[in-house]
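As structure tokens, the structure follows; a few thoughts come after it.
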Amino acid sequence: MTAATAYLEHTAITVRDIGWHIRFFAEVFGMGCREVDGDPAAPRQYWTVGGIQLIHDPDHNAPEGRLAHLGLMCENLDAALAAAHRFNVIELPKGRNWLQLPDGLRLELMQAAPAASVAQALAIDPRAEA
Numbered sequence: 002m003t004a005a006t007a008y009l010e011h012t013a014i015t016v017r018d019i020g021w022h023i024r025f026f027a028e029v030f031g032m033g034c035r036e037v038d039g040d041p042a043a044p045r046q047y048w049t050v051g052g053i054q055l056i057h058d059p060d061h062n063a064p065e066g067r068l069a070h071l072g073l074m075c076e077n078l079d080a081a082l083a084a085a086h087r088f089n090v091i092e093l094p095k096g097r098n099w100l101q102l103p104d105g106l107r108l109e110l111m112q113a114a115p116a117a118s119v120a121q122a123l124a125i126d127p128r129a130e131a
């Protein structure tokens, strides 16, 4: 039985040149700005419409390991956390909604408001023809 319904709200990716990535996703895919953390001309973090979070780290230099975390929007955050803890996850210092799985993958769980928005998001069929 499922403890809580959720959907992937964003994928966080660490990048060395955030400006290049912002331009790339905007110009190639039309993914404009949803939110900015820091100076809009030189953001620390940038969220696109479409679920990508870019995290600026000028020292990042790895061909792999760019995935910072997955952001999951939960219908019932408390139920999701209770169920997750049964899988021996580690609660991170960022808060009780930040979890690390045994293999190192990190999750940010967020409470959807209203909770019904999760069902609405899951009902969208991105491959359906208009």
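Read left to right, the sequence shown gives residues 2 to 131 (the working numbering).
Glycine included, every Cβ here is placed at the ideal spot set by N, Cα and C.
Taking 8 Å as the cut-off, the beta carbon of L9 is found closer than this to the beta carbon of G52. Taking all protein chains in view, the Cβ of W48 is crowded by 16 or more other Cβ atoms within 10 Å, so the residue is classified as buried. Per DSSP, reduced to three states, the secondary structure at I19 is helical.
For L78, the enclosing alpha helix (DSSP H) has its first and last residue at L78 to H86. G72 is classed as buried because its beta carbon has at least 16 other beta carbons within 10 Å across all chains shown. Counting along the chain, no alpha helix (DSSP H) covers A124, and no H or E run does either.
In this structure V50 touches M32 by the C-beta definition: roughly 6 Å separates them, less than 8 Å. Note that the C-beta distance between A117 and A4 is not below 8 Å.
Per the coordinates, the alpha-carbon of A83 lies some 10 Å from the alpha-carbon of N77. Spatial neighbours of A113 in its own chain (CB-CB distance under 7 Å, excluding positions within 5 residues in sequence) are listed in chain order as M74, C75, E76 and V119. Going by C-alpha positions, M111 is about 13 Å away from H70. Only exposed fits V29, as fewer than 16 other CB atoms lie within 10 angstroms of its CB.
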